[in-house]
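Asks:
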Amino acid sequence: MRRYVLFVIFIFTLLVSNSSLFIPVQAGKEVIKSKCQYPGTKGKVEQYYTGRLIDTHLHIPPPTDSGNENPVLRKDMNLDDIACTLQYEGTRSAFSFFPVYVNDADYEPFYKAADNAKKKYPKRFVRFINPPGGTSGVPTVTAKELKRFLKDRPGLFQGYGEIGLYVTPENPENVFPPDAQIFQKIYPVVRKHKMLVYFHPGEDQLDHLATALAQNPDINFVVHGEQVEKEIGTLMDSYTNIYFTVNDLYGDQYLLHQGETKESFLEKIDDYETLLAQDIATWKDVIEAHPNQFMWGTDRGGIAAWTLHKDVGLGIADYGRAFIAQLDPAVQEKFAYKNAQRLINGTILFEK
Ligand SMILES: [Zn+2]
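All residue numbers in the sequence shown are consecutive under the numbering used here, ending with 421.
In structure tokens, the structure reads:
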């Protein structure tokens, strides 16, 4: 009898422990899933674009701390958090710039982030290698170094950039335009690997950019930034291999930096009526005149951790959807994702 009771207790314990093992796992999965599930538009305007979105400008934080308050991967957030933000706001994929610092002897932590992205989220993160130069003022690594990076991880990267070519207080001279010697040597490497090129050009570099476009008609270039936004339409009239990310919305402003907080950002983008009127005046005509070359994007993640948070992502995407709805219906999907998808499909790593 005692044995029987013990046996029953044993079976009962097994069942309970099994089910208690089983239930939290299920609940856990559901919690994660619902945590990242798109809640729908905010209802700020009557017309929203409700289709697919691809963000064509997102910075993955480096895994090392540069001591400049910029976010650090695996300290401030990890890849799962960023993937969750994208899912939550309803963004299917993002052109994602993975930094690789040439001065760090150990590249593994840098590669690891891109490896993980490829393994866990092959569609969500469109992987760009983003290697700034090792010396102050030099915007990128040499062609030789880039070749070595790509050889180390064949098939990992679909794009090269974002490479900043604009002047900063630390780098007051504009000596590396898109047709500079350093890039003339990089283009054959990029071509061989069928990669996209992403630049942030500096002032007065339009002719240099035109030269690079003319000399490399088989390479697709994407650019953004206030330095070129006024003349970009003219360049598009002559070259089909130039694309532009529109991320300075909210009245043509860049707000995703350390000078703002999550709260101040969300407050500043709240007045849809006024901001949409400004953004339509700035962008609608030029986008509609070049429907195959403009793309939506955000430019977040590089400078402030809060820019990658879920509620901020939802705010950005919601405003983006309100803006896209104001474009000619024939252009909306192209701007929202189709132009970006076409670029992705042209890279060597196109994964269905
Ligand atoms: Zn930029």
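Don't be surprised by glycine CBs; every beta carbon is placed ideally from N, CA and C. Quick caveat, the model's predicted, so the values are computed rather than measured.
1) Are glycine 203 and threonine 209 closer than 7 Å when you measure CB to CB?
2) Taking asparagine 139 as the reference, which of Ile413, Thr416, Arg369, Gly415 has the closest Cα?
3) Strictly closer than 7 Å from CB to any heavy atom of ligand 2: give me those residues in the order they appear in the chain.
4) For glutamate 357, which three-state DSSP category applies?
5) Might you give, ordered along the chain, the residues of its own chain that have their beta carbon closer than 6 Å to the beta carbon of threonine 125, omitting 5 neighbours on each side?
6) For the 8 Å Cβ check, are there 3 or more pairs between the stretch 152-169 and the stretch 185-193?
7) Counting C-beta neighbours from all protein chains within 10 Å, is the total for lysine 213 16 or more, i.e. buried, or is it exposed?
8) Could you name the residues of the same chain whose beta carbon sits closer than 8 Å to that of glutamate 242, not counting the 5 residues immediately before and after it, in chain order?
9) Which same chain residues end up closer than 7 Å to glutamate 300 when comparing Cβ atoms and leaving out the 5 residues on each side of it in sequence?
10) Return the residue from the list Gln250, Gly271, His359 that minimises the CA-CA distance to glycine 302.
11) If you reduce the DSSP assignment to three classes, tell me which class isoleucine 417 lands in.
12) So, under 8 Å CB-CB, tyrosine 170 and threonine 133 are touching, yes? Tell me the CB distance rounded to an integer number of Å.
13) Tell me, to the nearest whole angstrom, how far the beta carbon of alanine 386 is from that of threonine 160; I am working on the premise that it is less than 8 Å.
14) Quick check: the Cα distance between arginine 260 and aspartate 287, rounded to an integer number of angstroms?
15) Using only alpha-carbon positions, find the residue among Asn285, Ala183, Tyr388 that is nearest to aspartate 321.
16) Just reading off the alpha helix (DSSP H) that glutamate 231 is part of, what are its end residues?
17) Hey, could you find the ends of the alpha helix (DSSP H) phenylalanine 218 is sitting in?
18) Following the continuous beta strand (DSSP E) through asparagine 199, name the residue where it begins and the one where it ends.
19) Can you tell me the Cβ-Cβ gap for tyrosine 229 and phenylalanine 197, rounded? I've got them flagged as a contact below 8 Å.
20) On the three-state DSSP scale, how would you describe arginine 121?
21) Is it the case that the Cβ atoms of valine 258 and leucine 325 are separated by a distance below 7 Å?
22) Just the C-alpha distance for glycine 371 and alanine 283, rounded to the nearest angstrom, thanks.
23) Measuring only the C-alpha atoms, how far is isoleucine 413 from valine 266?
24) Check each candidate in Glu272, Lys144, Glu231, Ser162 and name the one with the smallest Cα separation from arginine 411.
25) Would histidine 269 and glycine 233 qualify as a contact pair, given that the criterion is a beta-carbon distance under 7 Å?
26) Whose C-alpha, out of Glu298, Gln296, Tyr308, is nearest the C-alpha of phenylalanine 290?
27) Helix or strand or just coil, what does DSSP make of serine 165?
28) Starting from leucine 142, follow its DSSP beta bridges and name the residues at the other end.
29) Which runs of the beta strand (DSSP E), 3 residues or longer, sit entirely within the stretch 241-323?
30) Using a Cβ-Cβ distance cut-off of 7 Å, determine whether glutamate 300 contacts chain B.
31) Please state the DSSP three-state secondary structure of leucine 37.
32) So the beta strand (DSSP E) phenylalanine 363 belongs to, where does it begin and stop?
33) My output table needs one value for threonine 237: the three-state DSSP class, helix, strand or coil.
34) Does the beta-carbon of glutamine 401 have 16 or more other beta-carbons within 10 angstroms, so that it is buried, or is it exposed?
35) Using the Cα positions of leucine 219 and lysine 263, report the straight-line distance between them to the nearest angstrom.
36) Excluding the five sequence neighbours on either side, which residues of its own chain have a C-beta within less than 7 Å of the C-beta of glutamate 295, listed in chain order?
Replies: Taking the coordinates as given:
1) no
2) Arg369
3) Here the bound small molecules are ligand 1; ligand 2 is not part of this structure.
4) Here glutamate 357 carries a helix assignment [DSSP, helix/strand/coil].
5) Phe164, Thr314, Met364, Gly366, Ala409
6) yes
7) exposed
8) Gly206, Val236
9) Leu275
10) His359
11) coil
12) 7 Å
13) 6 Å
14) About 8 Å.
15) Tyr388
16) Glutamate 231 -> not in any alpha helix (DSSP H); beta strand (DSSP E) instead, spanning 228-233.
17) 212-221
18) 194-199
19) 6 Å
20) coil
21) no
22) 31 Å
23) 12 Å
24) Ser162
25) yes
26) Tyr308
27) strand
28) Met146
29) 265-269, 290-292, 311-315
30) Going by chain labels, chain B is absent from the structure shown, which holds only one protein chain.
31) Residue 37 is absent from the structure shown; the chain starts at 70 and stops at 421.
32) 363-365
33) strand
34) buried
35) 12 Å
36) Asp317
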